[in-house]
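The listed protein sequences correspond, in order, to chains A and B.
Count the first sequence with this note's numbering and you get residues 25 to 371, in order.
Count the second sequence with this note's numbering and you get residues 1209 to 1551, in order.
Virtual Cβ for every residue (Gly too), placed ideally from N, Cα, C.
Everything on this sheet refers to the single structure shown next.
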Amino acid sequence: MATTLSRDAVAGRPVDPAAPLLVVEDLHVEFRIEAGTVRAVNGLSYTLRRGETVAILGESGSGKSVSAQAVMGIIDSPPGFVTGGSVRFRGVELLDLSEADRRRVRGDRIAMIFQDALTALNPVFPVGWQIAEMFRMHRGVPRKEAREKAIELMERVKIPSARTRAGSYPHEFSGGMRQRVMIAMALSLDPEILIADEPTTALDVTVQAQIMALLAELQQQTGMGLILITHDLGVVAEVADQVVVMYAGREVEKGPSLPVYHRPAHPYTLGLMDSLPRRDVHTERLRPIKGSPPDLLAIPPGCPFRPRCPYARDICAAEEPPLAAVTSEHVSACHFWEEVSRERAGA
Amino acid sequence: MSAPAPDPIRHGEVVLRVEHLVKYFPITRGIVFKRQIGTVKAVDDVSFELHEGETLGLVGESGCGKTTTARTILRLEKATSGHAWYRGRDIFTLSGKEMRELRREIQVIFQDPYASLNPRMTVGDIIGEGWRVHPGVMPKNRRRARIHELLELVGLNPDHINRYPHQFSGGQRQRIGVARALALEPKIVICDEPVSALDVSVQAQVVNLLEDLQDELGLSYLFIAHDLSVVRHICDRIAVMYLGKIAETGDEYQVYDNTAHPYTTALLSAVPIPDPAARHLGRRILLEGDVPSPADPLSGCRFRTRCWKAQGVCAQTEPELIDRGQGHPVACHFAQVEFDPAR
């Protein structure tokens, strides 16, 4: 079959069988714009293993989407530049590849879905055609066969009456169905990693539940690794194995989701948890984080969270906190992480 | 009659009563010779009461009619039928002049703090703009001082009175929207998704602000939102809407902890709990498909095509919103209303 390609090499370079699926190390991305240099990602590291889900949690401007675009290799340059770090896919350094080689990795080995499925789809072609195009372009599958494969995929992502719907245009689908089309396209080439950038943010909550269940099911079938970019603490709690909390371009806390949620060791994470109302319990009064996220062109020296932090002391203005090991797998970028993590010690 | 439940809460008098409100939009075809080919039943027989000092939540998914309900009450849409009374006065029969006065007393806060503020006006002008239409609210010589007070009240720096909206963050802009609404000294504030566009860390600030202002000024809120967690926190009573109808209404414990309508059950179970330990607790009910189009309404119960409890009767008879004696009206033939003796 034309689609069986060797998965043991990436752009001609042999993979390291012992290496994890994806290792991101000390990634730096900046945007050089007229007003100055925005350090959108400032030292991000994480490891994604087969079948695992890593969530990158952050608010707008935290650098979470940019970090995913850097892994994917789709940052507009200029103004964006990956200025440091390493992105290794099964041991192969992606940042060293030529643009042509990266294009071959993109879609084929690492695929991505976006928040806004309507703008990501081409409005003038039927969705079945767009999915089939993946097979035709990347695999050289003949037209008719590609169409059949597209319909199969639409069935796999549970689009009802797929054969008829394949001829419909994106605007004829609801938001949830469009996101399913996106997922079908992303999965068409059996990628080993799927990056989902706010995949359910624009959707109603019942549809969000359907899409997250679908992603979990597909992940189980294929063993792909999932990188979930989101601001939603609820969604992260439901699916993530590992969580990276980002603030102002930096990773501030990282670890398996259970300890991060139950004993947060960074004041920002703790603040997020405290400011959140829940549907399952009554809350008397919310405890918000004061202030607002910083202007990325004017991030204060020292700890970027300092102006909003109830634990801040003099040292926080002078020194940027290093990542401290809370446990062997849980880290926090706070000078006072011990004090912060005692907050939930009783719980 | 499917009238709202008797007031279970110790709030003041009824400030807004909506009875059998209906809003249909025609679907037309043709440009010169328009003919109607269908009807979108956006709001279909909605009744509720809002008391003084109370927050009533209207929740539901997009397209369920929650915003249209508010727009129709404000006469931004013409009601197809039904009534809305503001302190005993029928809103739909008011003259233009009386209506202008009413719009002062019922103010709106919108979802998008980026789109709802005029970028060419200073914050001071935005907040004071309402006084151009209602000069009686604030004498001219007091206005600047009042804008200072309002900025302070919503937690902004009064020295920023001459700044423009783009100089503020999303959360601060939403505060400007709140100050603008309060400038006209309203009794009711309709909050249409007031925190949905804000970052999580800022949402809670605005929620707390709305609560404080309510306590201070005795405001009544009609709180329209799709975020069920925020609604549980801020609302005294909640009405869950589905396809133009209220499915269930009650207080937080009735609707969230003793859910009686299958749609509410499904809706709630879809909201993720921010705790990884709760991941496999509780039953997750996945609804099949999307919300049906309000343009081709179903016979009987509108939820029956997605409902796991549906039986023959659901296709024949539309269930009415009935209070079965617990002050917790539910529109379902198989409602499971539990009587809570503790209350």
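Within the same chain, T224 come within 6 Å of Q232 of chain A by CB-CB distance, once the 5 residues on both sides are set aside.
Going by DSSP, Q154 of chain A is part of no beta strand (DSSP E) but of the alpha helix (DSSP H) stretching over V151 to R163. The residues L1406, V1410, Q1413 and V1414, in chain order, have a CB closer than 7 Å to that of G1379 of chain B in the same chain once the five nearest residues on each side in sequence are set aside.
In the DSSP assignment, A220 of chain A falls within the beta strand (DSSP E) that extends over I217 to D221. N1466 of chain B is not bridged by DSSP to any residue. The beta strand (DSSP E) runs lying completely inside the segment 235-309 of chain A and spanning 3 residues or more are 249-254, 266-271 and 274-280, given in chain order. For D1423 of chain B, no chain A residue has a C-beta closer than 7 Å to its own C-beta; the minimum C-beta separation is roughly 11 Å. Scanning the segment 1249-1289 of chain B for uninterrupted alpha helix (DSSP H) segments of 4 residues or longer gives 1274-1281, listed from N- to C-terminal end. Across the segment 1371-1404 of chain B, CB contacts with chain A closer than 8 Å involve S1377, G1378, G1379 and Q1380, in sequence order along the chain. A distance below 8 Å between beta-carbons, with the five flanking residues on each side excluded, links A33 of chain A to the following residues of its chain, in chain order: V39.
Ranking A:R31, A:G87, A:A237 and A:A272 by CA distance to the CA of A322 of chain A puts A:A272 first.
For a Cβ distance threshold of 7 Å, residue set E1269, A1474, L1475, A1478 and L1495 of chain B lies close to T230 of chain A, ordered along the chain.
Distance between R1308 of chain B and V1397 of chain B, taken at the CA atoms: about 15 Å.
Judged by DSSP secondary structure, C1399 of chain B falls within the beta strand (DSSP E) whose first and last residues are I1396 to D1400. Ranked by how close their Cα comes to the Cα of V1230 of chain B, the residues B:R1243, B:V1223 and B:I1281 have B:I1281 in first place. Burial state of R1328 of chain B is exposed, judged by a 10 Å Cβ sphere holding fewer than 16 other Cβ atoms.
Chain-order list of chain B residues neighbouring I313 of chain A: S1409, by C-beta distance under 7 Å. Where N1370 of chain B is concerned, there is no enclosing alpha helix (DSSP H), because DSSP gives it neither an H nor an E. In the three-state scheme derived from DSSP, where H, G and I count as helix and E and B as strand, D1459 of chain B is classed as strand. Within chain B, the residues whose beta carbon sits less than 8 Å from that of L296 of chain A are V1408 and S1409, listed in sequence order. Not a single CB atom of chain A sits nearer than 8 Å to the CB of E1528 of chain B. Inter-segment contact for the segment 42-51 of chain A and the segment 96-103 of chain A is absent: fewer than three beta-carbon pairs are separated by less than 8 Å.
Counting only residues of its own chain and dropping the five nearest sequence neighbours on each side, H290 of chain A has a CB closer than 7 Å to the CB of V269, V276, E277, S356, A357, C358, W361 and V364. For the C-beta of Q234 of chain A, the chain B residues within less than 8 Å are, from N- to C-terminus, L1494 and L1495. DSSP, reduced to helix, strand and coil, places K182 of chain A outside both helices and strands of the structure shown, so it counts as coil. A direct Cα-Cα distance of roughly 14 Å separates I235 of chain A from E179 of chain A.
Judged by DSSP in its simplified three-state form, P1234 of chain B adopts strand. Residue burial annotation: W1339 of chain B is buried, with at least 16 other C-beta atoms found within 10 angstroms of its C-beta. Counting the other CB atoms within 10 Å of its CB gives E353 of chain A a total below 16, which places it among the exposed residues.
The beta carbon of V1479 of chain B sits closer than 6 Å to the beta carbons of L1436 from its chain, once the five residues preceding and following it are set aside; these are given in chain order. In the three-state DSSP reduction, L121 of chain A falls in the coil class, being neither helix nor strand.
In terms of CA proximity to A1433 of chain B, B:D1320 leads the group B:K1348, B:H1368, B:R1283 and B:D1320. Between the alpha carbons of E1257 of chain B and E1456 of chain B lies a gap of roughly 14 Å. Rounded to whole angstroms, P346 of chain A and T230 of chain A show a C-alpha spacing of 40 Å.
Proximity of the segment 1274-1294 of chain B to the segment 1226-1242 of chain B meets the contact definition, three or more beta-carbon pairs being nearer than 8 Å. Look at P1343 of chain B here: in three-state DSSP terms it is helix.
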